[in-house]
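Since the structure comes first, as structure tokens, the remarks are kept for the end.
Number of protein chains: 2
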Amino acid sequence: MIPHGGDLSRLRQRFPDAPEPLIDLSTGINPFSYPLPAIPDTAYTRLPERAQIRRLKEAAAGAYGARDPELIAVAAGTQLLISTLPRLLPAAQVSVLAPTYGEHAAVWSAAGAAVVHGAGPEVLQSGDVAVLCNPNNPDGRRLDAAAIETLQSQRARRGGRLIVDEAFAEFGDAHLSAVSLVPLPGLIVLRSFGKAYGLAGVRLGFLIAERAVVARVEQALGPWPVSGVATHLACMALSDAAWRQATAGRLTAAGDRLDSLLAGYGLESVGRTSLFRLVRHGKAPAMADALGRAGILVREFPDRPDWLRFGLPPDEAAWARLENALAAAG
Amino acid sequence: MIPHGGDLSRLRQRFPDAPEPLIDLSTGINPFSYPLPAIPDTAYTRLPERAQIRRLKEAAAGAYGARDPELIAVAAGTQLLISTLPRLLPAAQVSVLAPTYGEHAAVWSAAGAAVVHGAGPEVLQSGDVAVLCNPNNPDGRRLDAAAIETLQSQRARRGGRLIVDEAFAEFGDAHLSAVSLVPLPGLIVLRSFGKAYGLAGVRLGFLIAERAVVARVEQALGPWPVSGVATHLACMALSDAAWRQATAGRLTAAGDRLDSLLAGYGLESVGRTSLFRLVRHGKAPAMADALGRAGILVREFPDRPDWLRFGLPPDEAAWARLENALAAAG
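Top to bottom, those sequences are chains L and R.
For the first sequence, the working numbering gives the first residue as 1, with consecutive numbering after it.
For the second sequence, the working numbering gives the first residue as 331, with consecutive numbering after it.
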């Protein structure tokens with residue numbers, strides 16, 4: 001079982017006296033959620049029709065910069081796409097830029113592929129399939145789109161595919177996303193709706209790739225791949241450029257504030273995306289425990305016990321509790 | 331592409347002058363939806379935690395009569411389970427009691443299996459995998475649980491599996507469901523939340539099977555298989571025996587009324603479940619057209635042009651329009 005963030009009930013078991021409400025800084029989900037609009041009853045009662053799925057793809061193409069909505073498949077969360085790909089794209093050798101989100105290597109291993117982890121981007125030149133999280137989770141490393149185009153153009157000559165997981169690409173560098181390169185042969189880009197829009201519970205993710213790959217994914221997921229609720233919310237949210245712009249500013253300000261706070265308590269910056277910060281500290285495990293006792297869940301890494309990943313506090317009450325807990329731990 | 335019900339936008343294209351609101355009688359979705367409760371924002375914003383998924387399984391085990399919540403896998407709709415199974419359970423020969431819901435045969439064929447359709451239940455004795463919709467869609471044929479136990483006990487001796495799709499089992503005969511037979515070796519039962527509770531847009535389905543099959547399905551779907559909204563709604567709805575009992579009575583009354591109405595216009599009863607009626611008429615295509623012009627979508631069957639399937643009208647306005655349209659068509 002791969003450990004993930006977000007498990008507040010485990011924190012509650014471990015620290016039953018922690019003050020409520022618990023504060024979850026263990027995920028990379030935008031705390032400034034897209035404001036929930038009124039949702040019509042039919043989004044719950046009726047199956048989404050093909051025309052509605054088409055509008056969802058058009059909204060996604062606009063928001064992500066895809067050349068054509070037909071190059072997009074929709075799914076009930078990016079994780080489902082990650083879990084499904086190995087059964088659709090047979091591969092003997094898979095290379096992964098590491099460390100990164102653990103599910104990629106796990107699903108390819110489970111499908112029988114030999115998975116090679118590499119700490120440098122040269123690992124991405126090998127493998128029938130190469131996997132890059134961009135920007136990377138948790139260390140924030142990034143490749144720009146031009147480098148990805150060069151990389152995959154070379155890989156494609158020998159039939160290689162490249163999966164670029166852009167779960168944390170929103171609100172970041174505009175030159176980073178590989179979406180507009182599609183349909184570059186063998187390139188598969190994943191985008192997560194829930195993290196960027198703060199609506200992870202609706203389960204919605206997108207795959208952008210050549211038409212043949214999109215068709216294979218759509219066949220694998222069947223005729224009703226996403227909920228009416230997700231379709232309704234995302235059609236609105238993905239079309240809302242004003243919200244995205246305002247939120248980018250809010251996230252930048254919160255990230256800067258978090259940098260200052262963490263640095264002030266001796267937590268050394270290792271990496272970042274718009275939605276989280278990765279820091280290093282000699283006593284990181286003790287610090288995570290102290291935060292946990294204070295009702296604050298952060299992300300630890302079994303393989304890197306000196307690392308902690310912090311999401312952005314959602315409000316002033318959370319900032320105050322975080323600062324107090326860091327002061328008490330320090 | 332397999333034709334399905336529910337495509338109102340296609341009806342609108344075909345009959346642009348049809349009076350709105352269109353009435354969708356083409357699906358088998360309960361028109362008396364579970365009343366939508368207030369849904370907490372966290373159901374949208376947060377990923378469902380493992381403990382919440384566990385409570386969902388407990389609610390499903392109670393509602394469906396499963397022996398143990400650990401024998402249940404949850405998914406974003408039964409269709410996703412149907413589409414996923416062929417890639418998890420290799421089979422050379424698959425037998426399907428036909429005619430039935432078309433996706434079963436399609437997904438096994440696409441996975442490379444030889445699919446044999448049989449009109450009688452003896453076909454279910456053959457095949458590495460046998461598929462039974464119970465009660466069957468669209469003709470309402472049914473096998474009781476005792477017959478399924480005998481059938482699968484024989485099949486299991488030579489390693490055969492049996493998929494029982496109970497999409498329309500709710501509100502029906504209590505002796506029909508095979509859920510309580512699980513973990514009978516090789517038996518896989520599917521239950522649809524959306525149809526019975528009138529909430530098809532939330533995408534939620536269940537697979538009940540031996541623990542090894544459940545584990546394989548859970549691995550294939552990944553750590554967040556269903557939305558927070560589906561989890562919240564279904565935990566409430568599946569625990570609400572009073573609603574189920576009241577709704578069963580309402581559906582029986584609506585079904586009886588539909589029987590009388592259709593018989594009065596010469597539509598001969600062929601089969602039924604609690605959520606739809608299948609009828610036969612020599613001029614069924616003309617009748618479907620007349621209903622379409624009146625803004626009422628019913629289900630047609632390309633292979634059986636003399637058949638029409640009617641869902642239950644949701645309210646008195648729909649009853650009146652249906653009766654008027656039938657009178658005008660007749």
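Don't be surprised by glycine CBs; every beta carbon is placed ideally from N, CA and C.
Owing to the predicted nature of the structure, the values given are computational and were not obtained by experimental measurement.
Of all the CB atoms in chain R, is at least one closer than 9 angstroms to the CB of residue 150 of chain L?
It does not: the Cβ of residue 150 of chain L has no partner Cβ on chain R nearer than 9 angstroms.
Closer than 9 angstroms by beta-carbon distance: list the chain L residues that pair up with residue 433 of chain R, in chain order.
Going along chain L in sequence order, the residues near residue 433 of chain R (Cβ under 9 angstroms) are 222, 223.
Residue 506 of chain R and residue 481 of chain R: beta carbons closer than 9 angstroms?
Contact: no.
Kindly list, in the order they appear in chain L, the residues whose Cβ is closer than 7 angstroms to that of residue 374 of chain R.
Here the neighbours are 36, 199, 201, 202.
Starting from residue 600 of chain R, find everything on chain B with Cβ-Cβ shorter than 8 angstroms and list it in chain order.
No chain B appears in this structure, whose protein chains are L and R.
Hey, residue 359 of chain R and residue 641 of chain R: beta-carbon distance below 9 angstroms or not?
Yes, these two residues count as a Cβ contact at 9 angstroms.
Would you please state the rounded distance, in angstroms, between the beta carbons of residue 297 of chain L and residue 277 of chain L? I believe it to be under 8 angstroms.
Wrong, their Cβ atoms sit about 15 angstroms apart, outside the cutoff.
Any C-beta of chain L within less than 7 angstroms: which residues of the stretch 628-655 of chain R qualify?
Residues: none.
Please confirm whether residue 412 of chain R has its beta-carbon closer than 9 angstroms to some beta-carbon of chain L.
So yes, residue 412 of chain R belongs to the interface.
Name, going along the chain, the residues of the stretch 384-395 of chain R whose beta-carbon falls closer than 7 angstroms to a beta-carbon of chain L.
If the cut-off is 7 angstroms between Cβ atoms, the stretch 384-395 of chain R has nothing near chain L.
Whole-angstrom Cβ separation of residue 78 of chain L and residue 205 of chain L, contact assumed at under 8 angstroms?
The Cβ separation is near 3 angstroms, so the contact holds.
Which of the three DSSP states, helix, strand or coil, is assigned to residue 627 of chain R?
Note: residue 627 of chain R maps to strand in three-state DSSP.
Considering only C-alpha positions, which residue in the set R:496, R:624, R:411, R:609 is nearest to residue 655 of chain R?
The residue with the shortest Cα to Cα distance from residue 655 of chain R is R:624.
Verify whether the separation of the beta carbon atoms of residue 98 of chain L and residue 105 of chain L is less than 9 angstroms.
Cβ atoms of residue 98 of chain L and residue 105 of chain L: closer than 9 angstroms.
DSSP on residue 520 of chain R, reduced to helix/strand/coil?
In the structure shown, residue 520 of chain R sits in a strand (DSSP, three-state: E or B).
When we look at the beta-carbon of residue 612 of chain R and count the other beta-carbons within 10 Å, is it buried (16 or more) or exposed?
Per the 10 Å Cβ criterion, exposed.
What are the residues that DSSP puts in a beta bridge with residue 598 of chain R?
Residue 598 of chain R pairs with R:610.
How about the stretch 463-470 of chain R and the stretch 538-558 of chain R: do they share at least three Cβ pairs that are nearer than 8 angstroms?
No contact exists between the stretch 463-470 of chain R and the stretch 538-558 of chain R.
Would the stretch 40-49 of chain L count as touching the stretch 239-253 of chain L if we require 3 or more Cβ pairs under 8 angstroms?
No contact exists between the stretch 40-49 of chain L and the stretch 239-253 of chain L.
Is residue 344 of chain R closer than 9 angstroms to residue 421 of chain R when the C-beta atoms are compared?
No, the Cβ-Cβ distance between residue 421 of chain R and residue 344 of chain R is not below 9 angstroms.
Cβ of residue 233 of chain L less than 9 angstroms from any chain R Cβ?
Interface residue, yes.
Is it a yes or a no for the stretch 493-512 of chain R touching the stretch 380-389 of chain R, going by three-plus beta-carbon pairs under 8 angstroms?
They do not touch, by the three-pair rule.
What distance in whole Å lies between the Cβ atoms of residue 118 of chain L and residue 95 of chain L, which are believed to be in contact at a cut-off of 8 angstroms?
At roughly 6 angstroms, the Cβ-Cβ gap stays under 8 angstroms, so residue 95 of chain L and residue 118 of chain L are in contact.
What alpha helix (DSSP H) runs, 4 residues minimum, are completely inside the stretch 29-74 of chain L?
Within the stretch 29-74 of chain L, the complete alpha helix (DSSP H) runs of at least 4 residues are 42-45, 50-64.
Roughly how many angstroms lie between the CA atoms of residue 589 of chain R and residue 446 of chain R, to the nearest whole one?
Taking the straight line from one Cα to the other gives about 33 angstroms.
If you measure from the beta carbon of residue 51 of chain L to each beta carbon in chain R, is any gap under 9 angstroms?
It does: the Cβ of residue 51 of chain L has a partner Cβ on chain R nearer than 9 angstroms.
I'd like to know whether the C-beta of residue 28 of chain L is nearer than 9 angstroms to at least one C-beta of chain R.
Closer than 9 angstroms: no.
Apart from the five residues just before and just after residue 20 of chain L, which ones in its own chain have a Cβ nearer than 8 angstroms to its Cβ?
Excluding positions up to five away in sequence, the list reads 295.
What residues from the stretch 413-425 of chain R come within 9 angstroms of chain L, judged by C-beta to C-beta, listed N to C?
For the stretch 413-425 of chain R, which is checked against every Cβ of chain L, the residues closer than 9 angstroms are 413, 414, 417, 418.
Hey, is residue 23 of chain L's beta-carbon within less than 9 angstroms of any beta-carbon in chain R?
So, not an interface residue.
Between the C-alpha atoms of residue 9 of chain L and residue 317 of chain L, what's the straight-line distance to the nearest angstrom?
Computed Cα separation, rounded: 21 angstroms.
Among the residues of its own chain, which have a CB less than 6 angstroms from the CB of residue 540 of chain R, if the five just before and after it don't count?
Counting only Cβ-Cβ distances below 6 angstroms, and skipping sequence neighbours, we find 513.
Give a yes or no on whether the C-beta atoms belonging to residue 430 of chain R and residue 501 of chain R are separated by under 9 angstroms.
No, the pair does not count as a contact, with Cβ atoms beyond the cut-off.
Going by DSSP, what residues sit across from residue 538 of chain R in a beta bridge?
Residue 538 of chain R pairs with R:402, R:519.
Between residue 377 of chain R and chain L, is there a C-beta pair that is closer than 9 angstroms?
Yes, its Cβ sits closer than 9 angstroms to a Cβ of chain L.
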